[in-house]
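Residue numbering for the sequence shown is 1 to 73, as defined by full-length UniProt numbering.
Step one of this worksheet: look at the structure below.
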Amino acid sequence: MSEDDMQSLKQATGTDAARLFLQQMIEHHRGAIDMALEEATNGQNSDAVALANTIIEAQTSEIATMEELLATL
């Protein structure tokens, strides 16, 4: 997230803050998944590949939860 994103979040309140937080965290998680997919596909170290697969699974689940929360706002 950029400094502008962080400033927007600091200035937001109430439902707007919750919505912005969830939107930013979803994007953050998607970036982590992209990096983990690269490692899972091309990694050489079995421990790092296993960690990447764990990250993919956990953060995919967290995105689904955050999208559900976002839909309620």
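Cβ atoms here follow ideal geometry from the backbone N, Cα and C, with glycine treated the same way.
With 16 or more other CB atoms across the displayed protein chains lying within 10 angstroms of its CB, Ala36 is buried.
The three-state secondary structure of Ala12, taken from DSSP, is coil. Take the alpha-carbon of Ile56 and the one of Met25: they are about 15 angstroms apart.
For Gln23, the closest alpha carbon among the candidates Asp5, Ala52, Thr54, Ser46 is that of Asp5. Spanning the alpha carbons of Glu3 and Ala12 requires a straight line of approximately 14 angstroms. Taking the Cα positions, Leu9 is about 23 angstroms away from Thr60.
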